[in-house]
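Below is one structure; the comments refer to it alone.
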Amino acid sequence: MPLKLNMKYLNGFIKDSDIFALENEITAAHNALHSQSGKGSEFTGWLDLPIDYDKIEFERIKVAARQIQKKCDVFISIGIGGSYLGAKAAIDFLKSSDYNSLKKDTPDIYFIGNGISADKFNNLISICEGKDVCINVISKSGTTTEPAIAFRIFKKIMEDKYGKEEASKRIYVTTDKETGTLKEIATREGYETFVVPDDIGGRYSVLTPVGLLAIAVSGVNIDELMSGAAKARETFFDPNLNDNDCYKYAAIRNLLYRCGKKVELLVSYDPDFSMMSEWFKQLFGESEGKENKGIFPASAIFSTDLHSLGQYIQDGERFLFETVVNIMKPNNDLIIDFDDYNLDGLNFVANKPISYVNQKAFEGTILAHCDGGVPNVVLEIPQKNAFELGYLIYFFEKACAISGYVLGVNPFDQPGVESYKKNMFALLDKPGFEDRKKALIEKFNV
Ligand code: PA5
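As numbered in the numbering used here, residues 897 to 1342 make up the sequence shown, in order.
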């Protein structure tokens, strides 16, 4: 059984009848999404992607991944936002957030171009010394500043190290199928390229070549990932709110938001989920946060963050609800030993698996938080594997689109992201931004 929505911990906060009062709004959102009549409908290619993708290119990704595995020790993925988060999240979740340090027969994988820290660049340059390297640069627009800077730096390093010809066999480009700077560079240099579909925005693109190449390089079975997403597509196609857990989750989020719960804390008891939370934050934050509306997506890893944020969650301002992703079974468990002296007083958990203690931490915490006035939604995931992850990714993508339509916004654009870029360009004296610079000087005296 894949993901299950557990609404037990909403008791006392919202009733089933409250959820079903949103039925017409959910049906309208479903119809808008599936008839492509809603806002941003030109970016709904992700809806059928799990069954309707370029199978030839998919095979090419698997071939490229095998070549990369053979010819390098370090694989560098260059990208930001939707061109970064999905792959990192999937690898951490399925392979481990300690992937690079673990014993394995696949390359170490590093992500760069997701920021502009000089120290981060220098660290990676030094990690690459003496190692064989391959690169995948990913940018749908092909012009995003952060990955463009990273690519300029690492392209030169590759060419100095291998010469132009060998470097060109080690650089893979994922971008628009025909336009953009990156496409132009790839054509000129003869790099192998993969396509970011026109009808899929960055934050919905993890199951396209954007995410798939790095995920495949890490050794994850990407066929299973797509199968999980395909299963979710089939399951959550049902327009009937009563039979659709994805739509129920979207309804619950909107309902809680209308009751003043403005922050959704995505919680997991597995640190390997933390990058999935970052992916979730981009998905929901960029999709819903506009027109002065939207739930603020936040995240925590328990029990770690119970020792930092726990106090606020329990007793602070009551504008929070939690969505807990509860992974029912670890891939590898560990039994706690019995100790004859019991000086640490821990024999009450002796001979118990660690996962049992983690589960009790989950139960104890959720009861405490509900008592403290924090509604909780639980998503139960049977275990961590590629199929379940594909299923979960699609669940969140569709819940996000439906939630956004119920909220009344376009869940597929991100106009607000441009503001910082324009200011940065003006302050860097990029040609074309002179007026912006003048305005900044007048307003802020910079
Ligand atoms: O959701 C989005 O579209 C953005 O956050 C992008 O993912 C991000 O800006 C990267 O864009 P690009 O792939 O064009 O470099």
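Note that beta-carbon positions come from the ideal geometry of N, C-alpha and C, so glycine has one too.
Model, not experiment: these values are computed from the prediction.
**OP:** Identify whether Phe1292 lies in helix, strand or coil by the three-state DSSP scheme.
**Re:** The count along the sequence shown starts at 1 and reaches residue 1292 at position 396. Reduced to three states, the DSSP call for Phe1292 is helix.
Subject >> Residue burial classification, Leu1137 (beta-carbon count within 10 angstroms, cutoff 16) >> reply: Start at 1 with the first residue of the sequence shown, and residue 1137 comes out as number 241. Residue environment: Leu1137 is assigned as buried (16 or more neighbouring CB atoms within 10 Å of its CB, all protein chains considered).
**OP:** Sort Arg1084, Ile1012, Val1270 and Glu1284 by Cα distance to Glu1061 and report the nearest one.
**Re:** In the sequence shown, residue 1061 corresponds to position 165, counting from 1. Ranking the options by Cα distance to Glu1061, first place goes to Arg1084.
**OP:** Just the C-alpha distance for Ser1183 and Val1106, rounded to the nearest angstrom, thanks.
**Re:** Here residue 1183 refers to the residue found at position 287 of the sequence shown. Here residue 1106 refers to the residue found at position 210 of the sequence shown. Each residue's alpha carbon lies about 19 Å from the other.
Original post:
If you draw a straight line from the C-alpha of Thr923 to the C-alpha of Asn1140, how long is it?
Top reply: Within the sequence shown, the letter at position 27 stands for residue 923. Within the sequence shown, the letter at position 244 stands for residue 1140. Looking at the two C-alpha atoms, the distance is approximately 11 Å.
Original post:
How should Glu1130 be labelled, buried or exposed, when 16 other C-beta atoms within 10 angstroms of its C-beta is the threshold for buried?
Top reply: In the sequence shown, the residue the question calls residue 1130 occupies position 234. Label assigned to Glu1130: exposed.
Subject >> Ranges of the beta strand (DSSP E) found wholly within the stretch 1168–1240, counting only runs of at least 3 >> reply: DSSP runs (the beta strand (DSSP E)) wholly in the stretch 1168–1240: 1192–1197 and 1216–1225.
Original post:
Name the DSSP beta bridge partners of Tyr1006, please?
Top reply: Here residue 1006 refers to the residue found at position 110 when the sequence shown is read from its first residue. Per DSSP, Ile972.
Original post:
From Val1091 to Thr1070, what does the alpha carbon distance come to, in whole angstroms?
Top reply: The residue labelled residue 1091 in the question sits at position 195 within the sequence shown. The residue labelled residue 1070 in the question sits at position 174 within the sequence shown. Cα-Cα distance, rounded: 6 Å.
Original post:
Exposed or buried, Gly1269, counting other C-beta atoms within 10 Å across all chains shown (16 or more means buried)?
Top reply: On the sequence shown, position 373 is the one that residue 1269 refers to. By the 10 Å Cβ count, Gly1269 comes out exposed.
Subject >> Cβ shell of Glu919 (< 7 Å), same chain only, five flanking positions each side left out >> reply: As a first step, residue 919 must be located in the sequence shown, where it is residue number 23. For Glu919, same chain residues with a beta-carbon under 7 Å away, outside a window of 5 residues either side, are Leu1137 in chain order.
**OP:** Determine the extent of the alpha helix (DSSP H) in which Ile1067 is found, giving its start and end residues.
**Re:** For the purposes of this step, residue 1067 is taken as the residue at position 171 of the sequence shown. Careful: Ile1067 lies outside any alpha helix (DSSP H), inside the beta strand (DSSP E) at Ile1067 to Thr1071.
Original post:
Given Lys1294, which residues of its chain have a CB within under 6 Å of its CB, disregarding the five upstream and five downstream residues?
Top reply: Sequence index remark: in the sequence shown, residue 1294 carries index 398 (1-based). Excluding residues up to 5 positions away in sequence, Phe1132 and Cys1142 lie with their Cβ nearer than 6 Å to the Cβ of Lys1294 in the same chain.
Original post:
For Glu1074, which of helix, strand or coil comes out of DSSP?
Top reply: By 1-based counting over the sequence shown, the position of residue 1074 is 178. Three-state result, Glu1074: coil.
Subject >> beta-carbon Thr1039 near the ligand PA5 non-hydrogen atom, thresh 8 Å >> reply: Translated into the one-based positions of the sequence shown, residue 1039 becomes position 143. Flag set: Cβ of Thr1039 near the ligand PA5.
Original post:
In the structure shown, what three-state DSSP assignment does Phe1308 receive?
Top reply: Indexing the sequence shown from 1 puts residue 1308 at position 412. In the structure shown, Phe1308 adopts coil according to DSSP, grouped into three states.
**OP:** Leaving aside the five residues before and after Gln1310 along the sequence, list all residues of the same chain whose C-beta is less than 6 Å from its C-beta, in chain order.
**Re:** Here residue 1310 corresponds to residue number 414 of the sequence shown, with the count starting at 1. Excluding sequence neighbours, Gln1310 sits near Glu1182.
**OP:** For Gln1255, name the three-state secondary structure that DSSP assigns.
**Re:** Residue mapping note: residue 1255 aligns to position 359 of the sequence shown, counting from 1. Assignment of Gln1255 by DSSP, reduced to helix, strand and coil, places it in the helix class.
Original post:
Are the beta-carbon atoms of Ser1058 and Arg1048 separated by less than 9 Å?
Top reply: Your numbering for residue 1058 matches position 162 in the sequence shown. Your numbering for residue 1048 matches position 152 in the sequence shown. The question names Ser, but residue 1058 is Tyr in the sequence shown. Tyr1058 is not a Cβ neighbour of Arg1048, given a cutoff of 9 Å.
Original post:
Using CA coordinates, which residue listed in Leu1303, Leu943, Asp912 and Ile987 is at the minimum distance from Asn1188?
Top reply: For the purposes of this step, residue 1188 is taken as the residue at position 292 of the sequence shown. When only C-alpha atoms are compared, the closest one is Leu1303.
Subject >> Validate contact between the stretch 1255–1266 and the stretch 1276–1284 using beta carbons, cut 8 Å, 3 pairs >> reply: A contact is defined here as three or more CB-CB pairs under 8 Å, and the stretch 1255–1266 fails this definition with respect to the stretch 1276–1284.
Original post:
Quick one: what's got a C-beta closer than 7 Å to Ile1012's C-beta in the same chain, skipping five residues either side?
Top reply: As a first step, residue 1012 is located in the sequence shown; it is residue number 116 there, counting from the start. If we look at Ile1012 and ignore the five residues flanking it on each side, its Cβ neighbours are Glu1042 and Ile1045.
Subject >> Segment contact, 8 Å Cβ cut-off, at least three pairs: the stretch 962–971 with the stretch 1322–1338 >> reply: Segment contact: the stretch 962–971 against the stretch 1322–1338, fewer than three CB-CB distances shorter than 8 Å; contact not assigned.
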